[in-house]
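This report concerns only the one structure given below.
Number of protein chains: 2
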Amino acid sequence: MIVLIMAGGIGTRFWPLSTKETPKQFLHILGQRSMIQQTVDRILPLVDHKDIYIVTNESQTGLVREHLPELPAENIIAEPMGRNTAACIGLSAVLLEEKYENDETMLVLPADHYIGKPELFRDIISQADAFVKEHKKLLTFGIEPTYPATGYGYIEFGREIRKDPIPIFAVKQFKEKPDAKTAEQFVKSGTFAWNSGMFLWRIDSIIEAVKNLMPVLYNSLKEIKDCWNTNKNRVNRFYSGLESVPVDIGIMEKADDSVVVPINIDWNDIGSWQALDEMKQKDKNSNYFEGNVLDIDAQNTYVYSTDKNKKIALIGIDDLVVVDTKDSLLICKKAKSQEVKQIVERIKKEDQ
Amino acid sequence: MIVLIMAGGIGTRFWPLSTKETPKQFLHILGQRSMIQQTVDRILPLVDHKDIYIVTNESQTGLVREHLPELPAENIIAEPMGRNTAACIGLSAVLLEEKYENDETMLVLPADHYIGKPELFRDIISQADAFVKEHKKLLTFGIEPTYPATGYGYIEFGREIRKDPIPIFAVKQFKEKPDAKTAEQFVKSGTFAWNSGMFLWRIDSIIEAVKNLMPVLYNSLKEIKDCWNTNKNRVNRFYSGLESVPVDIGIMEKADDSVVVPINIDWNDIGSWQALDEMKQKDKNSNYFEGNVLDIDAQNTYVYSTDKNKKIALIGIDDLVVVDTKDSLLICKKAKSQEVKQIVERIKKEDQ
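Chains A and B are the protein sequences, given in the same order. Using this note's numbering, the first residue of the first sequence is number 736, and each one after it goes up by one. Using this note's numbering, the first residue of the second sequence is number 736, and each one after it goes up by one.
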């Protein structure tokens, strides 16, 4: 099995800490190791460094090398620009196919998720790996929902394909982020899981699927492969013209042989400051402070300051996220921390 | 008439903008000119620069000279340390008495108040000046209350001494900051005014009053005067031993000949960030922003940032004061901005 880690995130959710220059996967927001380092650490018991690949934006290859010096430099696949997951997975598959046996499997992982039960995660991957190697299915992992989340997409299970050693279902359909009522129905039904964005398949299976289901993409990827090391301008021209589609929509949903494995691994995509806050140990007033903070009656507040000498005084405030960096300050009602993305959009427009 | 401006404030109310090094009187929080400059500008139509004196802490004499270069350097009276208003007024009076005629009057003004009707203010001062010159009374100005403030002290009127050209009452008593219910009674009665901390008297009257009502202070001031220019150590020793009492309590309240002139001059002592905020023109969401602010649904929020390039993003917040400087950040529920003082106290303790 080889591992492809998708590290093309562009740094909008954790602004002002994450930026275009340092997106979330490179932040040390959960412990000493960055998110991308933790993603590698987690999978290392199953694979060698030489079989771990990172697909990322070319502007971030320096950061990847810095965070993962153990990886061979040629294992970093540098996209000229982001074109969503069907393109980056397809590109990686066509670039790697000759390097491996026909039946080699490829585990695809986002670079910036949290998994609280890594051992269980690896056990299930090993079982799933044996399955896709034999059956040539396109497999995704569905997180068993613990509450009716409206911030995740869902996968609906079809018929059960097998029960042991791990349950595997056909994929019935993918669902976009639902409203609260729909989310509740999904969770109550017991036939939906959260879409984790993790996939497992044989390299030949995914290439075959791209060829059949996204033929325009496939042809462009072939062109790109042919000039990958020889004609950068041509690569850029073709890559910029690629359709920007998620692999779950472009491939998984259309394929006849998509399957989903439900897993319960204490997973969190940490998609916002609020989500990160929920993972932190709080003080007696439900505050979490990282910085030189003094407070009078602050409650339920998250503070992150990059300058540990700067004095931050909070008086009588409640339910806020405060993030202070040298250049920027965010003060946000916790439940609205998803809207940070809009701020980043506005700054981008202003800077143009 | 000479003018004594008391500029000994120590910079706690407007932290983190005001500090021990730059207290409120030196801030440009209301327009282009600092508070102390505005205090001088306001009174200049009545007096010459040469007759305006500043009593301040010796650590702030440099700042005073910088803000008021038109004043003769010798008009800055430098206290070795703060000992409240009875001491600083008494000191100034004994140091100046020989320089002026016996019947010269002295207007005493805080350096950091706002007055919206300066012309009316000067008119009343001129009338009051004629009165104290003739009658040797100790006069204070009582601000006609516009709402039942709990953040000010009050003065209760006694019998009316005269009606024209300006009404003058005997002082019945001074009252500390009242609770809300008491404040309402005060305002409803029509016989209370806010204690503005502004005074007017003949130099000989105030010296006489100090001698009679605070004889220990008087004797120490005489000692201090004798060695003022010759023995700094002795000055410091005596000054540090002075009783620390406000002039309204130590002198005005005990004197038989205290009078109060009610005035309605759009006055504000700007005692907190909230008070400053109330003076600002707001946008349609009741926000006031000084800085590079982007917001989504921010309401009723005051932002002051010293770094105009720093991006400040507000999402979904309400009713806050946000003050960001290079070294410090304050985020405070508006109604609690008085508690900034406690933060300053805590920082002082930590720094010791």
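All C-beta atoms, glycine included, are put in the ideal place defined by N, C-alpha and C.
Original post:
Between the C-alpha atoms of A/Trp1002 and B/Gln1077, what's the straight-line distance to the nearest angstrom?
Top reply: 43 Å
Original post:
In the structure shown, what three-state DSSP assignment does A/Ala905 receive?
Top reply: strand
Original post:
What first and last residue would you give for the alpha helix (DSSP H) that runs through B/Asp864?
Top reply: B/Asp864 -> alpha helix (DSSP H) spans Pro853 to His870.
Subject >> Min CB distance B/Arg1081 to chain A below 7 Å >> reply: yes
Original post:
Are there 16 or more other CB atoms within 10 angstroms of the CB of B/Thr965, so buried, or fewer, so exposed?
Top reply: exposed
Subject >> Whether A/Ala808 touches A/Ile771 by CB criterion (7 Å) >> reply: Between A/Ala808 and A/Ile771, the CB-CB gap reaches or exceeds 7 Å.
**OP:** Run through the stretch 998-1062 of chain B for me and flag every whole alpha helix (DSSP H) of 4 or more residues, listed as ranges in chain order.
**Re:** The qualifying runs are 1008-1013.
Original post:
Given that B/Lys1068 touches chain A, what residues does it touch there, using C-beta distances under 7 Å?
Top reply: Ile1050, Gly1051 and Ile1052
Original post:
So who's on the other strand from A/Val843, going by DSSP bridges?
Top reply: A/Leu739 and A/Phe934
**OP:** For my contact list, A/Tyr889 and A/Pro853 are in at a C-beta cut-off of 8 Å; report their separation, rounded to the angstrom.
**Re:** That belief does not hold up - the Cβ atoms of A/Tyr889 and A/Pro853 are roughly 24 Å apart, past 8 Å.
Original post:
For B/Asn971, which three-state DSSP category applies?
Top reply: helix
**OP:** Go through its chain and collect everything with a Cβ distance to B/Lys683's Cβ below 7 Å, but skip five positions before and after it.
**Re:** As displayed, chain B neither begins before 736 nor continues past 1087, which places residue 683 of chain B out of reach and without an answer.
Original post:
Taking all protein chains shown into account, do 16 or more other C-beta atoms lie within 10 angstroms of the C-beta of B/Ala1070, making it buried, or fewer, making it exposed?
Top reply: Exposed.
Original post:
Using DSSP with H/G/I as helix, E/B as strand and the rest coil, what is A/Asn792?
Top reply: Strand, per DSSP.
Original post:
Looking at C-beta atoms only, is the number of pairs between the stretch 737-752 of chain A and the stretch 833-847 of chain A that lie closer than 8 Å three or more?
Top reply: yes
Original post:
For B/Leu952, which option in B/Ala828, B/Glu911 and B/Leu855 has the closest C-alpha, if you only look at C-alpha atoms?
Top reply: B/Ala828
**OP:** Compare the C-beta of A/Lys1045 with all C-beta atoms of chain B and state if any pair is closer than 7 Å.
**Re:** yes
Original post:
Mind pulling the chain B residues with CB within less than 9 Å of A/Lys759?
Top reply: Residues of chain B passing the Cβ test: none, with the nearest at roughly 17 Å.
Subject >> 7 Å Cβ cutoff, B/Ile903 in contact with chain A >> reply: no
Original post:
How long is the line joining the alpha carbons of B/His1056 and A/Asp1059, rounded to whole angstroms?
Top reply: His is not the amino acid found at residue 1056 of chain B; the sequence shown has Val there. Their backbone Cα atoms lie some 16 Å apart in a straight line.
Original post:
Do the stretch 985-1005 of chain A and the stretch 898-906 of chain A touch if we need at least three Cβ pairs shorter than 8 Å?
Top reply: Touching, per the Cβ criterion.
Subject >> Straight-line gap, A/Pro900 to A/Phe866 (C-alpha atoms, nearest Å) >> reply: 10 Å
Original post:
Are A/Pro981 and A/Asn792 touching if we call contact CB-CB under 7 Å?
Top reply: no
Original post:
If the cut is a Cβ gap below 9 Å, which residues of chain B does A/Leu1029 touch?
Top reply: Those are Ile1078, Arg1081, Ile1082 and Glu1085, listed as they occur along chain B.
Subject >> Cβ-based neighbour list, B/Ser1021, same chain, cut-off 7 Å, excluding 5 preceding and 5 following >> reply: Only Gln1034 and Asn1035 meet the Cβ criterion.
**OP:** My understanding is that B/Ile1092 touches B/Glu832, with C-beta atoms under 8 Å, so please give their C-beta distance in whole angstroms.
**Re:** The requested residue 1092 of chain B does not occur in the structure, where chain B is confined to residues 736 to 1087.
Original post:
What residues from chain A crowd round B/Asp847, counting only those whose CB sits closer than 7 Å?
Top reply: Result: empty, since nearest Cβ-Cβ is about 22 Å, beyond 7 Å.
Original post:
In the structure shown, what three-state DSSP assignment does B/Leu1065 receive?
Top reply: Three-state result, B/Leu1065: strand.
Original post:
At what residues does the alpha helix (DSSP H) containing A/Ile771 begin and finish?
Top reply: Met770 to Ile778
Original post:
Any Cβ of chain A within less than 7 Å of the Cβ of B/Lys960?
Top reply: Not an interface residue.
**OP:** Please confirm whether B/Ile1000 and B/Ala944 have their CB atoms less than 7 Å apart.
**Re:** no
Original post:
For B/Leu752, which residues in chain A fall below 9 Å Cβ to Cβ?
Top reply: Per Cβ cutoff of 9 Å: no residues; B/Leu752 is ~12 Å from chain A at best.
Original post:
With 7 Å set as the bound, which would you pick, yes or no: does the beta-carbon of B/Ser1007 sit closer than that to a beta-carbon of chain A?
Top reply: no
Subject >> Cross-strand partners of A/Leu873 (DSSP beta bridge) >> reply: A/Ser993
Subject >> Cα-Cα separation between B/Gly932 and B/Thr875, rounded to whole angstroms >> reply: Straight-line Cα distance between these residues: approximately 7 Å.
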